[in-house]
Amino acid sequence: MLVNTLLNVYSALPHTIRKMTVKVTTHDMMYMVQRFKKSNSSVKDMDWGLQNRLSRIIRQPKNRALMLAVDHGYFLGPTARLEDAQKTIAPLLEYCDSLMLTRGILRTSVSPITNTPMVLRVSGGSSIIGKDLSREDITVDIKDAIRLNVSAMAMSIFVGSKYEYQTIVNLGRLVNISLEYGMPVLAVTAVGKDMGKDARYLSLACRMAAEQGANIVKTYYCENFEEVVDSCPVPIIIAGGKKIPEKDAMELTYNAIQAGAVGVDMGRNIWQSDNPVPMIRAVQSIIHQDNDADAAWELYNQLIQET
Ligand code: R5P
Numbered sequence: 027m028l029v030n031t032l033l034n035v036y037s038a039l040p041h042t043i044r045k046m047t048v049k050v051t052t053h054d055m056m057y058m059v060q061r062f063k064k065s066n067s068s069v070k071d072m073d074w075g076l077q078n079r080l081s082r083i084i085r086q087p088k089n090r091a092l093m094l095a096v097d098h099g100y101f102l103g104p105t106a107r108l109e110d111a112q113k114t115i116a117p118l119l120e121y122c123d124s125l126m127l128t129r130g131i132l133r134t135s136v137s138p139i140t141n142t143p144m145v146l147r148v149s150g151g152s153s154i155i156g157k158d159l160s161r162e163d164i165t166v167d168i169k170d171a172i173r174l175n176v177s178a179m180a181m182s183i184f185v186g187s188k189y190e191y192q193t194i195v196n197l198g199r200l201v202n203i204s205l206e207y208g209m210p211v212l213a214v215t216a217v218g219k220d221m222g223k224d225a226r227y228l229s230l231a232c233r234m235a236a237e238q239g240a241n242i243v244k245t246y247y248c249e250n251f252e253e254v255v256d257s258c259p260v261p262i263i264i265a266g267g268k269k270i271p272e273k274d275a276m277e278l279t280y281n282a283i284q285a286g287a288v289g290v291d292m293g294r295n296i297w298q299s300d301n302p303v304p305m306i307r308a309v310q311s312i313i314h315q316d317n318d319a320d321a322a323w324e325l326y327n328q329l330i331q332e333t
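FYI, in the working numbering the residues of the sequence shown are 27 to 333.
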């Protein structure tokens, strides 16, 4: 009876309010974890670890995330302007909330004296010149992720592809092992060459990732992105995609945040810019200071003038 009344009240709420109430925020997760701890004290330290790691990626006070993606080499090799990863990453590290990369680049190209949380790509197996990009497996043992002191592990699923089954089962398995160690899992909804990127498809892929237990889902921005966000019970971040003009990338970021994404996992639109530091700072201002694209663009130009 009470539940029905609450559901009726909820259904009558405007869309924007529903979005705010339904999204599971980091704060909500802390509450749920606390409840879980009460009923299962033997895993309390692990759950604290899970929560602590997540809160380093999705930051307070607004539950927002600026992840810098530099993992492209895992299937693309030396991507333009990421040939010397150390050189590309160093000036940007202080401006991102977390860095997404492979263990090879982490060990060779990032100073261990950093407080920036790392999100480790743990899937791979295909290359851009190979037969099928979707044929990925888990390539990193969780022990290595822990040895590297990372804050999350990331892998791709390829919904609708030839290797859909394999990648989805891999996600389930990664979540199983990650739960034992309190390690968050970021699922990347990868899109093959011939696949669409519309709200219907992306909603399907994101929801499936969340159903397997992913803690965060990374996807692409699209028209009617609210639908993707609203039907996914865990936080969503968007990939930047191919390099586009800076102002367009700022608009993409702003629109995604307005639609309910918690942030971005952006790569090429930052480090392929002619002005990577002003660019990441402009994107940061949208994510953390609620700047719109015009204000961010102004900041971007001002920072260029100052350098
Ligand atoms: C792609 O699979 C990689 O995971 C990238 O991290 C991702 O595409 C985000 O980078 P970008 O903003 O360059 O698309």
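The C-beta atom is built at its ideal place from N, Cα and C for all residues, glycine as well.
Can you find a heavy atom of the ligand R5P that lies under 6 angstroms from the Cβ of residue i?
i    : result
D97  : yes
A225 : no
M292 : yes
Can you tell me which of the three DSSP states residue i falls into?
i    : result
V211 : strand
R85  : strand
L125 : strand
V59  : Low local confidence applies: a pLDDT of 45 at V59 is under 50, so the model's placement there is unreliable, with the coordinate-based value given in what follows. Helix, per DSSP.
A116 : coil
T47  : Note that T47 scores a pLDDT of 45, beneath 50, so its modelled location is shaky and nothing firm can be said.
I264 : strand
L146 : strand
L230 : helix
S67  : Annotation note: pLDDT 39 at S67 (below 50); position unreliable, coordinate value reported separately. Reduced to three states, the DSSP call for S67 is helix.
A216 : coil
T245 : strand
A95  : strand
I155 : coil
A111 : helix
A321 : helix
A235 : helix
G293 : coil
S160 : coil
I183 : strand
A178 : strand
If you draw a straight line from the C-alpha of residue i to the C-alpha of residue j, how long is it?
i    : j    : result
Q331 : P302 : 14 angstroms
N241 : A213 : 8 angstroms
I313 : T279 : 8 angstroms
D170 : V309 : 31 angstroms
W74  : I168 : 18 angstroms
G130 : P117 : 19 angstroms
G151 : L102 : 12 angstroms
G239 : N196 : 12 angstroms
I203 : Y326 : 42 angstroms
K125 : T114 : A small fix is needed here, since residue 125 is Leu in this sequence, not Lys. About 12 angstroms.
I306 : I154 : 27 angstroms
M292 : P271 : 14 angstroms
E324 : G198 : 44 angstroms
K268 : N89  : 26 angstroms
L132 : A111 : 9 angstroms
A322 : Q315 : 10 angstroms
K273 : A319 : 7 angstroms
L127 : V96  : 5 angstroms
Q86  : L94  : 18 angstroms
S119 : D300 : Per the sequence shown, the amino acid found at residue 119 is Leu instead of Ser. Answer to the nearest angstrom: the Cα atoms are 17 angstroms apart.
E277 : T333 : 24 angstroms
R226 : I283 : 19 angstroms
C281 : G156 : Before going on, a small fix: residue 281 reads as Asn here, not Cys. Computed Cα separation, rounded: 35 angstroms.
Y191 : S149 : 15 angstroms
For residue i, I'd like the list of residues in its chain whose CB is within less than 7 angstroms of its CB, leaving aside the five on either flank, ordered along the chain.
i    : result
A275 : G266 and N295
K223 : V217, Y246 and C248
C232 : T215, V243, T245, V254, C258 and I262
N66  : Legend: pLDDT at N66 = 39, less than 50; position of this residue unreliable, value from coordinates given subsequently. Answer for N66: no residue qualifies.
A236 : V243, C258, P259 and V260
V185 : T215, L230, A231 and M234
T193 : S160, E162, S182, I183 and F184
P304 : Y326, L329 and I330
E109 : none
S135 : A111, Q112 and I115
Going along the chain, which residues of its own chain have a beta-carbon closer than 8 angstroms to the beta-carbon of residue i, five neighbours each way excluded?
i    : result
T105 : H98, G99 and R294
P210 : L76, R79, L80, I83, S177, A178, M179, S204, N241 and I242
V201 : V211, Q238, G239 and A240
N175 : M144
I334 : This structure leaves residue 334 out entirely; the chain is present only between 27 and 333.
Q298 : A106, R107 and K269
Relative to the ligand FMN, is the shortest distance from any of its heavy atoms to the C-beta of residue i smaller than 6 angstroms?
i    : result
A265 : As presented, the structure is devoid of the ligand FMN, carrying the ligand R5P as its sole ligands.
So, does the CB of residue i fall closer than 7 angstroms to a CB anywhere in chain B?
i    : result
M181 : Reference to chain B is not applicable here, since this structure consists of a single protein chain.
CB-CB under 6 angstroms to residue i, same chain, minus the five flanking residues each way: which ones, in chain order?
i    : result
A91  : I83, I84, D123, I263, V288 and G289
D158 : K188
N317 : S311
- Message: Whether or not the stretch 178-194 and the stretch 138-153 are in contact is what I'm after, with contact meaning three or more pairs of Cβ atoms, one per stretch, closer than 8 angstroms; do they touch?
- Response: yes
- the stretch 156-169 in contact with the stretch 130-143 per 3-pair CB rule at 8 angstroms: no
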